[in-house]
Every structure is written in structure tokens, then in C-alpha cells.
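Everything in the sequence shown is counted per the working numbering, starting at 39 for the first residue and increasing by one.
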Amino acid sequence: FTKCNSEQVYEVQNRILKIMCTIEDSYTAICEAANPGEKCLVVCDRGIMDASVYCDKPTWERCLAFNGLTHDSSDSRYDGVIHLVTAADGAEDFYSLETNAEGVRTESAEAARELDMKTRAVWEGHPSLNIIDNSTDFASKVKRVVAAVCGIVGEVPPSKHLKRRKFLARSFNLRGSGFNVQTVNCEYAYLISSDGKQHRLRRRIADGSILYTHIRRMVDQDGHVMDIKNNITRREYLELLCHQDPNRMLIRLVRQTFAYQNRQFACNTIVGLPPQNLAHLSSLPLQEDTKSPKDLNTLLILTVQADDDNELVMPPSGVVGVEKEVTGLE
């Protein structure tokens, strides 16, 4: 874009965004027309938020408006996001312009790292972001990608399990940490189950927009837990809400996510509410929808996606005060 004026940059990014949406919508429509019971998966090499890295904010705002999108459109558009960290960050020996016969790489290692950080940052607010770093060889990196895809769609991965690890915390102090922190509010309502599986609803509120998700928990024969997440409409959410389990508390939490050492961490401040409060909260108008009711108890939980084979580097103790790991505990 070095020779393009601002209007040309807008036209380029706007057309790229429009083409991406058209292709994604086309494949989604084809999958939705599949025979009953047929499994379909749409994998996108790029997502719409990637384009925002290559133009300034006003230009990107114009692109979104022209295409009828918002900053939160990616949250509902993609069930999961997998960010593969550039080889220039952690595998520098394999990043070289001299051996770049295909001409794919044009940036220096330093420029590639900067662009990689910017690209990851625009996705850090997504509810299902998986960061795949270069802590293993490339073959194992591919296996971790496959495991992440399986985790998103609820299939047992052939190898290399990624585990959602949980830690009980005594304090969160993200202000002034220097991390790019994304904050959302979530509510979880548990449903009465007729199939022996755990079902719950999530209402996720970010910047005034609400995303509704139905989550079904599966446990495979080896005891690995998988959550299958399907985004649903508000109408579907309210219909399912009629089956709320009266014996289970509504869980409301404030989730602050950030990346550290190529891992996506989430600081969850959790409160429990009587089940009857949920119907009232769901009927509130949007401007009142983000108000937090009085909590009954508070719990601080740190979560991170990590495999079992590599040592996990935790955030500084001054940012997150961890007491102990509670992975696997209900």
C-alpha cells in the first residue's frame, strides 16, 4: 500500500472484506444444505478481523459500516479462532527470506513479529481463541492445531490433547500490567438434561452487544472433557431458558482475557445468583442489561489452554496471585 492514497487503501480493504464475507457465506450455505446428520466444517485461512491490521481505524470503521458489520461480528461469525504464531517468534532458524522461493514472506523477522502481535491482538476478545506457539517442532505444532480444531467442534483429537487448565486465584491486578486486556460479562444458566450430559446457556455481553451460546459437555472414553458450543439466536436462548435447572445457580462472571508468553489467559471473577434472577435479567432492555446484581459469593479463577507436554509459564505474581491448580474439580 506504499503507493496508494487513503481512498485507494479503503477500496482495497473494503473489497477484500466483501469478498471474504461472500466466500464464507457461500460455503456456510452449502454446509447448511447438507443431508441430515452429515458433518460439515468450514475452515477459513483468514478471518475478517485480519484486514483491520492493514489499515487505520477510521478506514476500518468505514469498511465495517459499508458491509453492515460491527467490531463484534467476528464473535458470532466464527465458532473458534486458531492463531499460529509466526516462525519469527520462537523458531527464528526456520524464518528466512533467502529460502522463501514462493515469495510468501516479504517482512523481516522483526516486522513479522510486530505484524503477528497486531493480528493476534484484534482477535483477543473472541470467546474461543487458541494460540499455537513454536514451543514444539512443526509436526507437533500441526498436531496441536488439529487438537484445537477438534476441541472447537467437539471431536476427539487423534493425538496431542489441549487441556483447559484452571487455577484458584487470590487476586487479579491487570490495571497497569501493560497487557492488552479485553473485558466481557458472561452469564451461565444450567439446563435440565434428558440425555445425561451437561447443558448450559451462555449470555456474553461485550461493548453493548450480546452473544448467545448453547454449550453441551461431552466426556470421551478416556475421560477427556469437551465443550461443544453453538451460537444461537435470542429467541432460541429464551426457549431453552424455559428448561433451566431450578437446583443449579446462575453463574455470572467478569472475564478479562490477555495473551502472555503466547498463551491466552482468562481472569474470571465469578459470582453465584439464585436461579430465579435469570428470567428477570433476560427481560431487561439492552441499556440495563450489563448491570451486575448483588453477588452471593465471589470466586477468582484463572484459565488457560495448554498441553501436557510443556511447562506452563504463568503471568507475573504481581498481576495474578495464584493459590493452586484446580483443573478437573467441579
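Think of the CB as a built atom: it goes at the ideal place given N, C-alpha and C, for glycine as much as any other residue.
If you check the CB distance, Thr124 and Asp154 come in under 7 Å. A contact between stretches requires three or more CB pairs, one per stretch, nearer than 8 Å, and the segment 224 to 231 fails this requirement with the segment 94 to 103. When C-beta atoms of the segment 168 to 186 are compared with those of the segment 243 to 263, fewer than three pairs fall below 8 Å, so the two segments do not count as touching. In the same chain as Leu350, and ignoring 5 residues on each side of it, the C-beta atoms closer than 8 Å to its own belong to Arg203, Arg301, Val342 and Ala344, in chain order. Each residue's CA atom was taken as its position, placing Glu49 and Asp63 some 21 Å apart.
Between Leu340 and Thr307, the C-beta gap is not smaller than 7 Å, which leaves the two residues out of contact. The beta carbon of Phe132 sits closer than 7 Å to those of Ala125, all from its chain and outside the five residues before and after it, given in chain order. Taking the C-beta atoms as reference points, Arg84 is found no nearer than 7 Å to His121. Counting C-beta atoms within 10 angstroms of its own C-beta, Ala304 has 16 or more neighbours from the protein chains shown and is therefore classed as buried.
Distance between Thr108 and Gly163, taken at the CA atoms: about 13 Å.
For Gly366, the number of other beta carbons within 10 angstroms of its own is below 16, and it is reported as exposed. In chain order, Ala89 place their CB closer than 8 Å to the CB of Ile54, counting only its own chain and leaving out the 5 sequence neighbours on each side. Here the alpha carbon of Gly214 sits roughly 21 Å from the alpha carbon of Ala244.
In the DSSP assignment, Asn268 falls outside any alpha helix (DSSP H) and within the unbroken beta strand (DSSP E) covering Val263 to Ile270. Take Phe205, set aside five residues on each side of it, and the residues of its chain with a beta-carbon closer than 6 Å to its own are Leu340, Val360 and Glu363, in chain order. In the DSSP assignment, Met256 is bridged to Met264.
Boundaries of the alpha helix (DSSP H) harbouring Ala185: Phe176 to Val191, taken from the DSSP string.
Within the segment 100 to 143, the beta strand (DSSP E) runs of at least 3 residues that lie entirely inside it are, in chain order, 119 to 122. If the five residues before and after Val219 are omitted, its C-beta is found closer than 6 Å to the C-beta atoms of Leu212, Gln294 and Phe296, all from its own chain and listed in chain order. DSSP places Gln46 in the uninterrupted alpha helix (DSSP H) bounded by Ser44 to Glu70. For Cys280, the closest of His237, Asp265 and Glu70 by C-alpha to C-alpha distance is His237. With the rule of 3 Cβ pairs closer than 8 Å, the segment 281 to 290 does not count as touching the segment 255 to 265. Restricting attention to Val119, Lys56 and Arg208, the CA atom closest to the CA of Asn105 is found in Lys56.
The Cβ atoms of Val80 and Thr60 do not sit closer than 7 Å to each other.
For Cys69, the CB contacts under 7 Å within the same chain, skipping 5 residues up- and downstream, are Cys78 and Val80 in chain order. Cβ-Cβ distances below 8 Å link Val160 to Met87, Asp88, Ser90 and Val91 in the same chain, with the five nearest sequence neighbours on each side left out; the list follows chain order.
Here Ser209 is exposed, its C-beta having fewer than 16 other C-beta atoms within 10 Å.
For Leu239, there is no enclosing alpha helix (DSSP H); the enclosing beta strand (DSSP E) has its first and last residue at Gln236 to Ala244. With contacts defined as CB atoms closer than 7 Å, Val222 and Leu167 fail to qualify as a contacting pair.
Only buried fits Gln51, as 16 or more other CB atoms lie within 10 angstroms of its CB.
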